[in-house]
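Here is the structure we will look at, set down as structure tokens.
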Amino acid sequence: MSTLPALRLPRPAWLDPRVARTEVLAGLVVALALIPEAISFSILAGVDPQVGLYSSFVMAVVIAFTGGRPAMITAATGAIALVVAPLALEHGVQHLFAAVVLGGLVQVVLAAAGVARLMRFVPRSVMVGFVNALAILIFSAQLTHLVDVPWLVYPMVAAGLAIIFLLPRLTTVIPPPLVAIVVLTGLALLAGWDLPDVGDEGELPDSLPFFLLPDVPFTVETLAVLAPYALGIAFVGLMESLMTAKLVDDITDTRSDKTRESWGQGVANVASGFFGGMGGCAMIGQTMINVKASGARTRLSTFLAGAFLLVLVVALGDVVSVIPMAALVAVMIFVSIATFDWHSLRTIHTMPRSETTVMLSTVAVTLVTHNLAIGVGVGVLVACVLFAQRIAHLVDVDRVLEADGSARYTVDGALFFASSNDLYTQFAYADDPERVVIDLSKAQVWDASTVAALDAITHKYATRGKTATVVGLEGQSADRFERHTGQLA
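First residue of the sequence shown: 41, per the numbering used here; consecutive thereafter.
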């Protein structure tokens, strides 16, 4: 009796000791950097610091299992904080928790509807603008920690940057950001310097998060209050997360499952709301620390970032609170420098003007609104308008008088709402003979606006007692024309 061969599953990469060491240290660095960020975002949202910290812990742990982009960090973010701040102010934190749960459910539905496929419509120029705006925002966020501070903060930040940039020349065994944090913390404690530290950012929680049902009325009125904020959480969170996943794909030369990432974000937000969190999405800054600065590549680093975060704030809060902010500022400045696409500045004079316009508009809108999702949306819109404007002028119309006394117009190019508006003016209605042929064998009809333009052309000929016939359409163009012609007047 023969037996089937045993099924051998691929061995997880993090079981390799060297990979595991990198993942563990990367997770620790990210957890340390997450603490002041989560506290700051909590303050921005108008809630207690523990709400942002709990959200960061829950989302990082959950997304490590459900996400589609290994090594990407998901936690409480400024973008989501801006969305939910008015709700927390007007209706309280319980409504915020309910909105986060509802927003997560919306993300799951959007994932099932295939929203991740829309990423193919994001052009490279928007991606470059997204990255550059992000780098500027990360850097500008550090400026508040460099104003009205003791003068020792400045040499401490400089020393931290020197460690991060120079240590890789000696060794890459330990992530340079972790070394910078440890060295600067030890130096500040040994010297007894009174510097701003993590403890100054807010009180750290001393207990574990627990499951809770949001204490809100289950009524239509409550749903009407929550719905706008839930939709904001869903759309802003997905856009930032999918853009970040695409960036990590480029950095690591690997592909991620965007659909899985979309519903994974939804599940993480649902869990966040049920455990007293403020929701969140992918964090580009912390992801860059994890992937680019620390070299992490697996889900282990994401899971450990959340686990270490909880251990650090609950069990080691007294130790974490003495870390000087100068050390974390140095790490984030390095991240901003490493994130910025410097090549885009060196080649800006050689790029097409439309590409540069799209990139700069993405950067400008993002910096003005402090919202990456809005910046990307405007960038895509500008790119679409400029693209439509560019190809609208690629339609050629040639007129030839045939031997049988008719006029033949040959149209070559893509016909859609932008190009078909000019098509109406390309015909010599008064001078043409009684019979006109419009040959579209070299053209493609893309929308109803083009069908309406063709109907307007034939109608204008008809008002002059002439006959215009459209010929040469095939496939979808023919189907589209036959379906709409004569019905759009």
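Each residue gets a CB set at the ideal place from its N, CA and C atoms; glycine is no exception.
Beta-carbon proximity of residue i to residue j, cut-off 7 Å
i    : j    : result
A111 : S341 : yes
V123 : F315 : no
L455 : A488 : no
G313 : F137 : yes
I147 : L278 : The residue you asked about is not Ile; residue 147 is Gln in the sequence shown. Yes, the Cβ-Cβ distance between Q147 and L278 is below 7 Å.
N309 : G143 : yes
S361 : G239 : yes
V276 : A119 : yes
G512 : D479 : yes
A345 : A100 : yes
A115 : V403 : no
L398 : G419 : Note that residue 398 corresponds to Val in the displayed sequence, not to Leu. Their beta carbons are under 7 Å apart, which means V398 touches G419 by this criterion.
G415 : V422 : no
V193 : A366 : yes
P52  : D237 : no
Span of the beta strand (DSSP E), counted from its first residue to its last, around residue i
i    : result
V464 : Residue 464 is actually Tyr in this sequence, not Val. Unbroken run through Y464: none, as it is neither H nor E.
R439 : 436–441
Same chain only: Cβ atoms within 6 Å of residue i, ignoring 5 sequence neighbours per side
i    : result
G242 : I79, P89
P244 : In the sequence on display, residue 244 carries Leu and not Pro. Taken in chain order, the residues that qualify are V353, G357.
S384 : V168
L463 : A493
A311 : V98, V102
I83  : none
S517 : Q484, V485
T117 : G320, C321, M323
A175 : S376, T379, F380
F348 : G67, L68, A71
W233 : L192
Closest Cα partner of residue i within the set the options
i    : options                : result
I221 : W233, I204, F343       : I204
W191 : I377, A347, L235       : L235
E301 : H433, T284, T292       : T284
V371 : H389, E77, F275, R58   : E77
V331 : I113, E130, I478       : I113
P249 : S95, E280, L441, A60   : S95
G132 : V265, N172, L74        : V265
T292 : T327, Y269, V405, V451 : T327
V256 : V140, H499, A468       : V140
G325 : V369, Q305, Y269, A347 : V369
N446 : V477, F81, L74, V422   : Position check: residue 446 holds Ser in this sequence, whereas Asn was assumed. Among V477, F81, L74, V422, the Cα nearest to that of S446 is on V477.
V288 : Y501, A423, T338       : T338
L150 : I273, I373, P392       : I273
T62  : A333, L74, P364, T387  : A333
V213 : F179, F374, G226, V59  : V59
V197 : I178, I373, A71        : I373
N411 : F161, A153, L177       : L177
Same chain, Cβ closer than 7 Å to residue i, neighbours up to 5 away in sequence not counted
i    : result
R520 : V485, V491
L55  : none
L218 : L65, L68, V69
M41  : Confidence is the limiting factor: at M41 the pLDDT is only 49, short of 50, which leaves the residue's position unreliable and the question unanswerable from this model.
E522 : none
E395 : S165
K298 : G108, A156, M159, L282, A285
G453 : L434, V435, D436, S459, A483
G304 : I103, T106, G107, G108
For residue i: DSSP bridge partner residues
i    : result
C424 : None, per the DSSP bridge assignment.
V477 : R448, T509
G453 : A483
D381 : DSSP, once it has assigned bridges, lists no residue as partnering D381.
P36  : With the chain covering only 41 through 529, there is no way to say anything about residue 36.
A322 : T114
Run of the alpha helix (DSSP H) containing residue i, from where it starts to where it stops
i    : result
L533 : Beyond the ends of the chain as shown, which are 41 and 529, falls residue 533; an answer cannot be given.
D358 : 357–360
L340 : 339–354
R300 : 298–314
I176 : 164–182
A116 : Neither: A116 is in no alpha helix (DSSP H) and is coded neither H nor E.
S95  : 89–106
T212 : Taken as a continuous stretch (DSSP letters only), T212 belongs to no alpha helix (DSSP H), as it is neither H nor E.
Q286 : According to the sequence shown, residue 286 is Lys rather than Gln. Looking at the DSSP string, the run of the alpha helix (DSSP H) that includes K286 is 260–292.
D519 : 515–524
D495 : 488–503
P57  : 57–85
Chain-order list of residues whose beta-carbon lies under 8 Å from that of residue i (same chain, five-residue window excluded)
i    : result
V87  : A128, V133, L136, M318
L400 : G169
E514 : S481
Q429 : A458
S247 : V354
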